[in-house]
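Working notes, structure below.
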Ligand code: SF4
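Protein chains in written order, with the working numbering: chain A, 1012 to 1339; chain B, 13 to 320.
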């Protein structure tokens, strides 16, 4: 495994304009801060797990990295180039190095195309002159890699199960031999037994091809297995970023602690004595986020200062940063 | 030995891959359509009517504008349907052969229906897909235009058009076609909006597929189903509209005719006991309309995404 940094995200912020029903055309649209000031870096062969409740901006973060949604400010540095500064055609050559797999396996495959066409599409798009026999060979090759029989190439997506569809999606992402795959909740829609298969497949592929992964999920138990680093998001803000082990052993942010306490532990004795921290209340509206610390409306440790001052990211240990006024 | 085995396995795999042809959604739909008896029978009847309108003239003894002076004015006594006189369907009040006139009317009515529907489908699909795909302000403006056009009573406009620009078959189907694309554009736009947010479109975008390819490769093929269904349901609507216009006496010009015009004449003379003048065109009209609706229904069931 090389340790070269391939992706650096610096202070990435994404805002959406939202206009509510019944607004007049001239009323100013409200700003929704979907992703707020997020920075991290990723090396080849590493996996960053991104965890948070739905609506916390994890999908937006993924889409901003691949320029599917415009970023308000910040940088996405890919192998030394700031992608956000590039025009569409300049960014195209990096497109083949960053691929994505999606949450709904069936919806991410065009129902009118057969599996062979679907998997070959990225190849045909970026290398339109590839001879047909090479395309076929490459398709077969990736199908083997993801554990699909290559005699299925002429079948159509609706003939497959969710897990198989996700494998097809992975095959499509792999065919250009990318360096980074962004997995947007790739297993949330799958059965638990199949989740493990897909996660294991991704880990095998990662080792084999020295891939970097960004793995998005809404609970910690899924990312635990696969991630080297974990980022916890809350309402578009990064609340904690640390190596996977550190997050589990010494979670510092109250939100992370609550998330961890919700992960079942296989040891019944530990599980019995475990203190379950419940998060009460609803996720506040991102249009109108709480002042100071975004988590304060649901935080058990909240003090006066939390509503007045936004906590800075502080390193509590090596490569373990937390945004909380009181980190113990 | 092992090598030989490996080759064998590979051969087997190759064979499998040839036999492993998948069933595309189209093929699935065709099978489902065939299972729908009403739709399949309708399709055959409709094909029979269409071929009749092309082959029929070769058996005709009289042309559609030729007047049989014997029958003129005494249609009730002389002009009844008979093989001997060559008036298989009888004659109309002017002594013209109804068999030939029904064939002519069938051709014109079907042509108006199909051409009108094509104009509507092409204009509506392009307009709707553009509006839906571009989204935002453009979409808003384009759809408000459709709303405004929709609020205009369309029969009224059509009648005005025919009065102002004169009665001609060309005017008729341009008028009908251009006014009936509105629904089509709405349906296509809705569908495009749905498709645009599907993950496979996003997947294509992330990969770097161009907008044009996304529309042609991913959006249009997924629209075709609904367009096909709507088009088959549109044809009878347009035939009805044309018939209504012709019934008012504003449609096709003599000696050409259409179902609507024939039905009007037949209805006008029903009191002279020449019921065949009404019944023959009416039968063709009703049967064809039913066929179109059944086929449309069958197509919709066959292509319905809920059944997948
Ligand atoms: S800053 Fe205050 S409110 Fe925010 S997490 Fe820390 S203790 Fe809770």
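The C-beta atom is built at its ideal place from N, Cα and C for all residues, glycine as well.
Item: What residues from the stretch 205-226 of chain B come within 9 Å of chain A, judged by C-beta to C-beta, listed N to C?; Value: 210, 211, 212, 213, 214, 215, 216, 217, 218, 219, 220, 221, 222, 225
Item: When you compare only the Cα positions, how much space is there between residue 284 (chain B) and residue 234 (chain B)?; Value: 55 Å
Item: According to DSSP, simplified to helix, strand and coil, what is residue 1165 (chain A)?; Value: coil
Item: For chain A, is any of its Cβ atoms less than 8 Å away from the one on residue 235 (chain B)?; Value: no
Item: Under 8 Å between C-beta atoms, does residue 1012 (chain A) make it to chain B?; Value: Its pLDDT being 44, under 50, residue 1012 (chain A) is placed unreliably in this model, and the coordinates cannot settle the point.
Item: Tell me whether residue 1251 (chain A) sits in a helix, a strand or coil according to DSSP, three-state version.; Value: strand
Item: Taking the beta carbon of residue 324 (chain B) as the centre, do at least 16 other beta carbons fall within 10 Å, making it buried, or is it exposed?; Value: Limits of chain B in this structure are 13 at one end and 320 at the other, which puts residue 324 (chain B) out of reach.
Item: Pick helix, strand or coil for residue 320 (chain B), following the three-state DSSP scheme.; Value: Per-residue confidence for residue 320 (chain B) stands at a pLDDT of 40, beneath the threshold of 50, marking its modelled position as unreliable; no derived number is given.
Item: For a test of the three-state rule: what should DSSP assign to residue 193 (chain B), helix, strand or coil?; Value: helix
Item: Is there at least one Cβ from chain A nearer than 8 Å to residue 230 (chain B)'s Cβ?; Value: yes
Item: Exposed or buried, residue 1040 (chain A), counting other C-beta atoms within 10 Å across all chains shown (16 or more means buried)?; Value: exposed
Item: Does the CB of residue 37 (chain B) have a neighbour CB from chain A at under 8 Å?; Value: yes
Item: Looking at residue 1264 (chain A) and ligand 1, is the gap between the Cβ and the nearest heavy atom below 7 Å?; Value: yes
Item: Any Cβ of chain B within less than 8 Å of the Cβ of residue 1175 (chain A)?; Value: no
Item: Less than 8 Å between CB atoms is the rule here; does residue 1329 (chain A) satisfy it with respect to chain B?; Value: no
Item: Measuring from the CB of residue 230 (chain B), is there a heavy atom of ligand 1 at a distance below 7 Å?; Value: no
Item: Got a sec, what are the start and stop residues for the alpha helix (DSSP H) residue 142 (chain B) sits in?; Value: 110-146
Item: Suppose you measure from the CA of residue 1219 (chain A) to the CA of residue 1110 (chain A); what does that come to, to the nearest Å?; Value: 17 Å
Item: Measure the C-alpha to C-alpha separation of residue 318 (chain B) and residue 1131 (chain A) and round it to an integer number of angstroms.; Value: In this prediction, residue 318 (chain B) scores a pLDDT of 49, lower than 50, which makes its location untrustworthy; the coordinate-derived value is nonetheless stated afterwards. For residue 318 (chain B) and residue 1131 (chain A), the distance between alpha carbons rounds to 28 Å.
Item: For residue 1173 (chain A), tell me which candidate among A:1161, A:1126, A:1116 has the shortest Cα-Cα distance.; Value: A:1116
Item: Taking only the alpha-carbon atoms, compute the straight-line gap between residue 1265 (chain A) and residue 1259 (chain A) and give it to the nearest angstrom.; Value: 13 Å
Item: Should residue 1314 (chain A) be counted as a contact of ligand 1 given a C-beta to heavy atom distance under 7 Å?; Value: yes
Item: With a threshold of 8 Å between beta-carbons, can residue 1252 (chain A) be considered close to chain B, or not?; Value: no
Item: What residues of chain B sit near residue 1260 (chain A), judged by a beta carbon separation below 9 Å?; Value: Chain B residues near residue 1260 (chain A): none, gap ~35 Å exceeds 9 Å.
Item: For residue 303 (chain B), is the classification buried or exposed, using 16 other Cβ atoms within 10 angstroms of its Cβ as the cut-off for buried?; Value: buried
Item: Taking 7 Å as the line, does the beta carbon of residue 312 (chain B) fall inside it for any heavy atom of ligand 1?; Value: no
Item: Closer than 9 Å by beta-carbon distance: list the chain B residues that pair up with residue 1312 (chain A), in chain order.; Value: The premise fails here: residue 1312 (chain A) is roughly 39 Å from chain B at the closest Cβ pair, so nothing lies under 9 Å.
Item: What is the residue span of the beta strand (DSSP E) that residue 1326 (chain A) lies within?; Value: 1324-1328
Item: Identify whether residue 1305 (chain A) lies in helix, strand or coil by the three-state DSSP scheme.; Value: coil
Item: To the nearest angstrom, how far is it from the Cα of residue 25 (chain B) to the Cα of residue 1227 (chain A)?; Value: Interpretation of residue 25 (chain B) is limited by its pLDDT of 47, a score under 50 that renders its predicted location unreliable; the figure taken from the coordinates is listed afterwards. Distance between the alpha carbons of residue 25 (chain B) and residue 1227 (chain A) is about 37 Å.
Item: What does a CB cutoff of less than 8 Å around residue 1102 (chain A) pick up in its chain, not counting 5 residues either side in sequence?; Value: 1078, 1094
Item: Decide if residue 66 (chain B) is buried, meaning its Cβ has at least 16 other Cβ atoms within 10 Å, or exposed.; Value: exposed
Item: When you compare only the Cα positions, how much space is there between residue 144 (chain B) and residue 159 (chain B)?; Value: 15 Å
Item: Select from B:49, B:170, B:181, B:201 the residue whose C-alpha is nearest the C-alpha of residue 190 (chain B).; Value: B:170
Item: From this set, A:1177, A:1023, A:1282, A:1178, which residue's C-alpha is nearest residue 1096 (chain A)'s C-alpha?; Value: A:1023
Item: Do residue 51 (chain B) and residue 310 (chain B) have their CB atoms nearer than 8 Å?; Value: yes
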